[in-house]
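Numbering (full-length UniProt numbering), first residue to last: 3 to 341.
Think of the CB as a built atom: it goes at the ideal place given N, C-alpha and C, for glycine as much as any other residue.
Data block below; observations after.
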Ligand code: NAD
Ligand code: LMR
């Protein structure tokens, strides 16, 4: 379209902006669902990331406007908007990282699994296109239910013969962001210094924050740890209820998504010791997918790290979450193979 062309013309190629390809490699990032509640602020944050040289924004509607808007920001990346199925291939071609926040969000009273019927199909069709147009890309799956959409993506890629378990990530960073914020508040420590691993999955009790490993150390009692755990597990619901029918977390999620994509880009660029929690193919437990700390590198997952020492409370939480997580994984696999 002419609008699309004008968006492209407005964004000058990176070379003309004086970035040396020696110091900062070219990296292309695509956002699928870029006109949505998460997609728009995530597009903004990725436009602010100096590691990105080209940013493509795809949605089924409204992306030309979002792309035109974001493209005026005077940062490195060239921005282009693509809309509708016909343009999905162009949006994906050459991508190093594809971030997927496409799909419907929860309303009060719903679980993430209630989104399965709509979002499973969306994720399946987007992943089919990824297998065709950018089979080597790192995929950051945000669309819920993550515990099922990641296994769906894996099955789609397996069928296409493009599956690389090192390049498929369920984004659980928001759970870590929440755990850090809530811990800092309760422990009265500087939030900027806080680290808390969050393992398991991304729904209710499958979200297992490991506060026994939190730093800086604080002497919180059992009741405090229980309350912090519950608040982290229910963080998404807290936002869904506060938004009262107008969707779920978008701004904190865009922040978390941008943080995780930045970690993937740093890994690709060879920055050492980039470690983030993510829901990935795993042998850490008997389940085929599990969230834990992951070291990121030039090929995506460099190493899936173990859980470390767990408290009795965490060990109990781990055993409790397994049946639900297993069922969600199996539901995703079954859907991908039957549809
Ligand atoms: P939203 O409805 O505001 O935006 C979703 C966007 O996806 C819309 O613009 C819509 O047009 C687009 N879309 C729908 N079908 C598409 C397709 N086939 N291709 C491309 N785009 C398509 O919703 P939102 O608040 O941005 O949430 C999006 C998803 O992210 C939801 O499933 C939500 O549950 C999930 N989410 C996950 C996390 C997490 O921690 N992983 C956090 C928050 C939200
Ligand atoms: C979240 O954790 O905020 C997201 O998964 C959205 C939701 O439905 O809670």
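Relative to the C-alpha of residue i, which residue among the options is closest?
i, options, result
"residue 190", "251, 199, 219 and 316", "219"
"residue 203", "293, 155 and 166", "293"
"residue 317", "249, 207 and 157", "207"
"residue 49", "95, 117 and 32", "32"
"residue 55", "98, 68 and 84", "98"
"residue 289", "325, 59 and 295", "325"
"residue 165", "254, 129 and 183", "129"
"residue 250", "76, 41 and 28", "41"
"residue 335", "161, 223, 67 and 110", "161"
Can you give me the C-alpha to C-alpha distance between residue i and residue j, rounded to a whole angstrom?
i, j, result
"residue 138", "residue 53", "18 Å"
"residue 132", "residue 233", "35 Å"
"residue 242", "residue 153", "25 Å"
"residue 23", "residue 271", "Because the pLDDT at residue 23 is just 48, under 50, the model does not fix this residue reliably, and the value given afterwards should be weighed accordingly. About 12 Å."
"residue 192", "residue 163", "47 Å"
"residue 236", "residue 93", "35 Å"
"residue 264", "residue 114", "26 Å"
"residue 171", "residue 123", "18 Å"
"residue 337", "residue 291", "16 Å"
"residue 176", "residue 62", "25 Å"
"residue 80", "residue 284", "36 Å"
"residue 44", "residue 256", "5 Å"
"residue 70", "residue 260", "20 Å"
"residue 269", "residue 100", "15 Å"
"residue 134", "residue 158", "11 Å"
"residue 96", "residue 30", "7 Å"
"residue 118", "residue 25", "43 Å"
"residue 297", "residue 65", "33 Å"
"residue 106", "residue 244", "17 Å"
How would you call residue i, buried or exposed, if buried means at least 16 neighbouring beta carbons within 10 angstroms?
i, result
"residue 86", "exposed"
"residue 217", "exposed"
"residue 17", "Low confidence applies to residue 17: its pLDDT is 42, below 50, so where it sits in the model is not reliable, and the reading given next is rough at best. Exposed, by the Cβ-count rule."
"residue 302", "buried"
"residue 120", "exposed"
"residue 228", "exposed"
My guess is that residue i and residue j are in contact by the Cβ rule of under 8 Å, so how many angstroms apart are they, rounded?
i, j, result
"residue 144", "residue 102", "6 Å"
"residue 307", "residue 320", "Not really, about 15 Å apart at Cβ, beyond 8 Å."
"residue 276", "residue 309", "Not really, about 19 Å apart at Cβ, beyond 8 Å."
"residue 351", "residue 280", "In the structure displayed, the chain extends from 3 to 341; residue 351 sits before or after that span and is not available."
"residue 142", "residue 315", "Not confirmed; about 31 Å, so no contact."
"residue 212", "residue 196", "Actually they do not touch by this definition, with Cβ atoms about 13 Å apart."
"residue 104", "residue 35", "3 Å"
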